[in-house]
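Here's the structure we're looking at; comments come further down.
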Amino acid sequence: GRRGTARNDTNRGRNDKRCGKAQASLSPEAMELHTRTMSDSTERLSRLYLAELMASKLCHDLVGPVGATANGAELLADMTMEDEALALTAASATQAARILQYYRLALRASGGQRNDLDELRRVSGGLLELRGLEVDWALDGSEQAPVGTTKLLANLVGLAGEALPRSGAVTGGLRLEGEKSVVFAKAKGPSAQLRREALEALDPDGNEEVTPRSVQAYYAAMLARELGGSLRAEGRSEEVTLVTEIPLSG
26 GRRGTARNDT NRGRNDKRCG KAQASLSPEA MELHTRTMSD STERLSRLYL
76 AELMASKLCH DLVGPVGATA NGAELLADMT MEDEALALTA ASATQAARIL
126 QYYRLALRAS GGQRNDLDEL RRVSGGLLEL RGLEVDWALD GSEQAPVGTT
176 KLLANLVGLA GEALPRSGAV TGGLRLEGEK SVVFAKAKGP SAQLRREALE
226 ALDPDGNEEV TPRSVQAYYA AMLARELGGS LRAEGRSEEV TLVTEIPLSG
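Using the working numbering, read the sequence shown as starting at 26 and increasing by one per residue.
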């Protein structure tokens with residue numbers, strides 16, 4: 026009751042005082058190490074949380090087609106529905122495979138990976154086709170673009186697809202402007218709009234809450250930052266464009 030709460034508050038106060046005394050007795054060098062260790066620990070936790078959110082999104086996107094594949098396998102036991110079961114299983118397996126191929130490109134470590142435009146077209150285009158969306162590409166200057174540019178563009182194209190709730194077209198683009206590479210993905214169609222939480226996640230510094238629904242926007246913004254750019258959204262009637270400018274590799 027109240028006594029237990031008061032006792033806990035007292036103990037907490039004593040512990041805080043002890044901690045303060047212990048820190049006060051540290052040398053400047055030790056204090057700097059202590060602060061850096063706490064900062065590194067916080068950074069590791071945030072990276073772990075980011076990984077958990079991305080895993081949650083991946084599982085969410087896969088649970089439907091994988092479950093349908095299982096249902097198709099069950100229907101195969103009923104020989105009167107064999108053709109229907111085979112069609113369901115094949116379609117669901119294709120859907121799951123395309124989702125996995127997309128996330129392998131969008132989430133993989135980019136160190137040492139060249140910018141493979143053929144893979145980008147095939148994998149990202151395959152994902153959007155599952156959603157019934159048209160896909161177009163306007164790609165130029167990939168040879169000068171930094172490693173990781175196609176990985177960033179894959180994420181932008183995926184986000185642009187999510188901005189089209191019913192139908193429409195997505196254009197993934199890359200072009201040179203002076204000493205910078207402009208990377209963009211445009212969503213065009215009825216009710217084209219990014220979710221509010223995804224828009225907020227485009228600003229990693231100002232966003233306090235990231236969810237499985239907004240984590241890819243946050244992740245894309247961090248990728249753009251690592252490449253020296255800043256991701257933003259530009260919108261007008263029935264159109265949303267995600268764009269960033271990144272310095273050319275030396």
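The beta-carbon is built from N, C-alpha and C at its ideal position, and this holds for glycine as well.
Helix, strand or coil at residue i [DSSP, three-state]
i: residue 202; result: strand
i: residue 235; result: coil
i: residue 177; result: helix
i: residue 222; result: helix
i: residue 278; result: Because residue 278 is not part of the residues shown, which for the chain are 26 to 275, the question remains open.
i: residue 260; result: strand
i: residue 125; result: helix
i: residue 172; result: coil
i: residue 268; result: strand
i: residue 214; result: coil
i: residue 194; result: strand
CA-to-CA distance, residue j to residue i, given in whole angstroms
i: residue 266; j: residue 258; result: 6 Å
i: residue 268; j: residue 248; result: 12 Å
i: residue 206; j: residue 272; result: 6 Å
i: residue 143; j: residue 204; result: 24 Å
i: residue 11; j: residue 185; result: Residue coverage of the chain in this structure runs from 26 to 275, which leaves residue 11 outside it and unanswerable.
i: residue 83; j: residue 113; result: 21 Å
i: residue 163; j: residue 124; result: 23 Å
i: residue 182; j: residue 195; result: 7 Å
i: residue 222; j: residue 116; result: 32 Å
i: residue 243; j: residue 93; result: 30 Å
i: residue 169; j: residue 231; result: 31 Å
i: residue 87; j: residue 199; result: 29 Å
i: residue 34; j: residue 250; result: Confidence at residue 34 is low in this model, with a pLDDT of 45, below 50, so its placement is unreliable and the value that follows should be read with caution. The straight-line gap from Cα to Cα measures roughly 43 Å.
i: residue 201; j: residue 85; result: 36 Å
i: residue 150; j: residue 127; result: 9 Å
i: residue 81; j: residue 237; result: 6 Å
i: residue 130; j: residue 161; result: 18 Å
i: residue 96; j: residue 239; result: 30 Å
i: residue 75; j: residue 229; result: 12 Å
i: residue 262; j: residue 134; result: 36 Å
i: residue 166; j: residue 108; result: 47 Å
Residue j beta carbon less than 7 Å from that of residue i
i: residue 210; j: residue 193; result: no
i: residue 213; j: residue 154; result: no
i: residue 208; j: residue 177; result: yes
i: residue 121; j: residue 90; result: yes
i: residue 190; j: residue 252; result: no
i: residue 217; j: residue 188; result: yes
i: residue 254; j: residue 270; result: yes
Range of the contiguous alpha helix (DSSP H) that encloses residue i
i: residue 148; result: 142 to 155
i: residue 227; result: Per DSSP, residue 227 belongs to no alpha helix (DSSP H) and is neither H nor E.
i: residue 240; result: 240 to 251
Cβ separation of residue i and residue j, assumed to be a contact under 8 Å, to the nearest whole Å
i: residue 227; j: residue 256; result: 5 Å
i: residue 175; j: residue 141; result: 6 Å
i: residue 158; j: residue 179; result: Their Cβ separation, rounded to whole angstroms, is 15 Å, which puts residue 158 and residue 179 out of contact at 8 Å.
i: residue 79; j: residue 132; result: 6 Å
Boundaries (first-last residue) of the beta strand (DSSP E) holding residue i
i: residue 161; result: 159 to 164
Min CB distance residue i to chain C below 7 Å
i: residue 212; result: Given the protein chain composition of this structure (a single chain), no chain C is represented.
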